[in-house]
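In this note's numbering, the protein residues as written are 1 to 368. Quick notes on the structure that follows.
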């Protein structure tokens, strides 16, 4: 097949790569073209600035069974996908830790009570396969030694993971080049069934897959943006071993360790469609909260403070809109790295009549 993937963010790159693998078509090659309005770096995509956590249990506080089940599947798929890439990508399944200062204990208790394990009969720690563990101050010190004495209670979610998003983008770029994918960076296009429309011409394809995220809002009327703000810092004095979330009534944050002593500090979500740079107020709140978790952040070097919009549908759940000659995939919300592998698997199953993957009816829609 001659396939166009439009949108070179996380999901678009993953799909273009998988569709270009000869193993998918019994040794026959698809002709795959990737169109992206930004450059090769991926800086214009939401996935580039993301914290890139794969946290289905933590996200169950705000999400339903669909997101949780797809997230659990992604936990299985990420290691398999990373092994296929031409260069190593940092991936850590070392759990995540949720803490709160003494005055905010109520927020931590509320978080723990709202956790949902859809694949288990109860959230009781004896029967939840260890996915949720309530920790004392002494146990927090064992899990994260640098937080010893700073927090007296916490919740540990040992099955959760995180990935180096920027290292992944680089590895995917190399895989796309190795597989002879036709790469069209800096191309703003329109899509139609079997057709990609450039400024000066129309290109025909057997199939067009639209992964443009917020760029598809002219075609998907229920799409909206949810703003996210993150700071990336260099903090060699901080030695956190896993993502840490701080519960706070005003500005809950997450702190995610990356290679080379870098950390991503982020606000969970802001209901706003503004794509302006972060404000002084929000930057101060992010960095002050991080400092309250670990004083080593006081001497950290600020590498970036960025904002971005995550594409979100009316129900905050992902959808595949499928019709003849055109497939649209959108609505990954704040769950890009949590959902992308599982959504990719679902999309490929729709395209493959002989696939043994069960298609979730909540994901697939026949029209938009």
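Idealized CB from N, CA, C, for every residue including glycine. Note that the structure is predicted; figures quoted are calculated from it, not measured.
Going by DSSP, residue 258 is part of the beta strand (DSSP E) stretching over 253-258.
A Cβ-Cβ contact shorter than 8 Å links residue 310 with residue 226. Here residue 249 is exposed: its Cβ has fewer than 16 other Cβ atoms, across all protein chains shown, within 10 Å. By the Cβ neighbour-count rule, residue 88 is exposed, with fewer than 16 other Cβ atoms within 10 Å of its own. Take the alpha-carbon of residue 106 and the one of residue 156: they are about 17 Å apart. Less than 8 Å divides the Cβ of residue 261 from the Cβ of residue 236. Of all alpha-carbon atoms in 50, 38, 6 and 69, the one lying nearest the alpha-carbon of residue 337 is that of 50. Proximity to residue 190 across 180, 203, 183 and 178 peaks at 203, based on C-alpha coordinates. The three-state secondary structure of residue 238, taken from DSSP, is coil.
Judged by their CB atoms, residue 297 and residue 238 are nearer to each other than the 8 Å cut-off.
Only residues of its own chain outside the window of five on either side were considered, and among them 42, 45, 46, 47, 211 and 213 have a CB closer than 7 Å to the CB of residue 9, listed in chain order. Counting along the chain, residue 78 sits inside the alpha helix (DSSP H) bounded by residues 65-84. Here residue 59 has no same chain residue with a Cβ atom under 6 Å from its own Cβ, once five neighbours each way along the sequence are excluded.
For residue 301, same chain residues with a beta-carbon under 8 Å away, outside a window of 5 residues either side, are 233, 234 and 235 in chain order. Residue 107: not part of any beta strand (DSSP E); member of the alpha helix (DSSP H) spanning 105-114, first to last residue. Residue 57: member of the alpha helix (DSSP H) spanning 56-59, first to last residue. With contacts defined as CB atoms closer than 8 Å, residue 81 and residue 54 fail to qualify as a contacting pair. One Cα belongs to residue 306, the other to residue 362, and the distance between them is close to 33 Å.
Relative to residue 221, the option among 193, 312 and 163 whose CA is nearest is 312. By the C-beta density criterion, residue 290 is buried, having at least 16 other C-beta atoms within 10 angstroms. Nearest to residue 295 by alpha-carbon distance, out of 332, 195 and 149, is 149. Taking the Cα positions, residue 354 is about 11 Å away from residue 348. Per the Cβ contact rule, the region 252-260 is not in contact with the region 319-335 (fewer than 3 Cβ pairs under 8 Å).
Ranked by how close their Cα comes to the Cα of residue 77, the residues 154, 143 and 163 have 163 in first place.
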